Structures are given as structure tokens and as C-alpha cells.
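*Asks:* Chains as they are written, first to last, in the numbering used here: chain A, 4 to 116; chain B, -19 to 96.
For reference, the structure I am asking about is given below.
Here is the structure:
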């Protein structure tokens, strides 16, 4: 079985500061990893995904994430955040033979001026 | 219309009512999903349809009844719900192929359901 843990329920940060949102996963098989963002009153939007190859994945809006197999982590980073990045961020995992996504509980990013 | 649309956006119903949620995808995908998003809980997959066939029912109570008449439309019929069913119900779609779980799911904006 697969599972995802997002260690922080809320991360406050000042505008233009760097941010890291943490995600750890558990799986007995190889995985695909995703980060989705949910803005208020909207559905989820894909930020980036790791399928294979380079462990550093670049996504939209200046976000990137690094797959670390030994630490079973897929942390999301942005070097300089904007007010508009305030949203809920979800890490998710799926396996090679199933299109079922397992989501973490989410991390609320609060960007303050 | 583009992407995945859901109607209504908000719904308030009593426990004895019958209502339906509608989802439509304009992306030409072959798979559609219903998720439940409750406060402080991870998104829960409810149902999956692939080429109109239900391929996943994640132990959902029978008071939730999905219907997928074609690859573009997905409904969730609701009857005799409980207050704990109040949540945001999200629909998603994807193009499934040989890449299995690598497919990106595209989400609608959700229906905010309140059960009184």
C-alpha cells in the first residue's frame, strides 16, 4: 500500500522569502509523484510531477521539487514566493500499474507582505 | 467551456432530499473520477470510471450513486445523506493509456455540499 505524509499543515512565510513544503511517501513499488495546488474556491491544478529520469523536476509558477529515493521524499521548493502563491498544496503518489492517486493531507502556504 | 466543469457550485440539501451533481469534461479524456474533500482530511477517491465502466468503488456508502453515460459526463446521485457527508466534491478526468499512474488528472472547481 502507498501513503503520503505532509509534515506541515501550515507554513507562514514572508513575501520574496524562499519556501520548502515537505512530502514523504511510503511505497513497496516504484512510484510516480505529484504536487497539486488548490487556490481558494477552485479545484486542484498540477504544479509538477516526477515520473523518471532527472530527480529535479521543474514546474509552473517557479516551483521545483526533488525526488530523493533514499529518503523517500519529494519536497517542493520556490526561491522567492509571492502573495499570489497563498494556497493549499497537495502531494500525491501513484503506482505504475494504477491510476489511483493517493493524496497527502495538504499544506497551507500563507504568504505575508 | 474548457477543462472540467461542475454544477452546481453550491448545494444545500436536507437529509431526505434527492439531488445530483454533474461533471463534464471537455478534454477528450477517457477516465473520470469523483473525490470527496472534507476539512482536515486528505482527498478521498470515491469512484473511477474508465471508458464508461466503473473500475473503482472505494467502499462508498450506497447513498452515493454514480452514473457515467459517456466519457464526457459523470453524475453523482445523492439520497438520504447525513450531515457528515457535507464536503467539497471534486470531479477529475484523465487520459489513461499505457503509462498507468503517470497520467495527469485535471480537476473541476468542485461542488460545495451542505447537508442539513
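Glycine residues also receive a C-beta, built at the ideal position from the N, C-alpha and C atoms.
These figures come from a predicted structure and were not determined experimentally.
Along the chain, which unbroken stretches of the beta strand (DSSP E) at least 3 residues long are found entirely within the segment 27 to 80 of chain B?
*Replies:* 33 to 37, 44 to 50, 53 to 59, 67 to 74
*Asks:* What residue does the beta strand (DSSP E) around residue 16 of chain B start on, and which one ends it?
*Replies:* 11 to 17
*Asks:* What residues of chain A sit near residue 83 of chain B, judged by a beta carbon separation below 8 Å?
*Replies:* 102
*Asks:* Could you name the residues of the same chain whose beta carbon sits closer than 8 Å to that of residue 16 of chain A, not counting the 5 residues immediately before and after it, in chain order?
*Replies:* Non-local beta-carbon contacts of residue 16 of chain A in its own chain, meaning distances under 8 Å to residues more than five positions away in sequence, involve 22, 84, 112, 113, 114, 115 in chain order.
*Asks:* Residues in the same chain with beta-carbon distance under 7 Å from residue 52 of chain B, minus the five sequence neighbours each way, listed in chain order, please.
*Replies:* 4, 5
*Asks:* Report the three-state DSSP secondary structure of residue 20 of chain A (helix, strand or coil).
*Replies:* Coil at residue 20 of chain A, not helix or strand.
*Asks:* Give the interface partners of residue 90 of chain B over in chain A, defined as CB-CB distance under 7 Å, in chain order.
*Replies:* Those are 46, listed as they occur along chain A.
*Asks:* Using a cut-off of 8 Å between C-beta atoms, extract the partners of residue 7 of chain B located in chain A.
*Replies:* Result: empty, since nearest Cβ-Cβ is about 13 Å, beyond 8 Å.
*Asks:* Taking the alpha carbon of residue 8 of chain A as the point to measure from, which residue in B:22, B:2, B:-5, B:44 has its own alpha carbon closest?
*Replies:* B:22
*Asks:* Could you tell me which residues DSSP puts in a beta bridge with residue 29 of chain A?
*Replies:* A:6
*Asks:* Can you say whether residue 107 of chain A is buried or exposed, counting buried as having 16 or more other CB atoms within 10 angstroms of its CB?
*Replies:* With 16 or more Cβ atoms within 10 Å of its Cβ, residue 107 of chain A is classed as buried.
*Asks:* Can you list, in chain order, the residues of its chain whose CB lies under 7 Å from that of residue -18 of chain B, leaving out five sequence neighbours each side?
*Replies:* 6
*Asks:* Given that a residue counts as buried once 16 or more other Cβ atoms are within 10 Å of its Cβ, and exposed if not, what is residue 74 of chain B?
*Replies:* buried
*Asks:* Closer than 6 Å by C-beta to residue 31 of chain B: which residues in its own chain qualify, once you throw out the five before and the five after it? Chain order, please.
*Replies:* 10
*Asks:* Which residues in chain B sit within 7 Å of residue 107 of chain A, going by Cβ to Cβ distance?
*Replies:* 22
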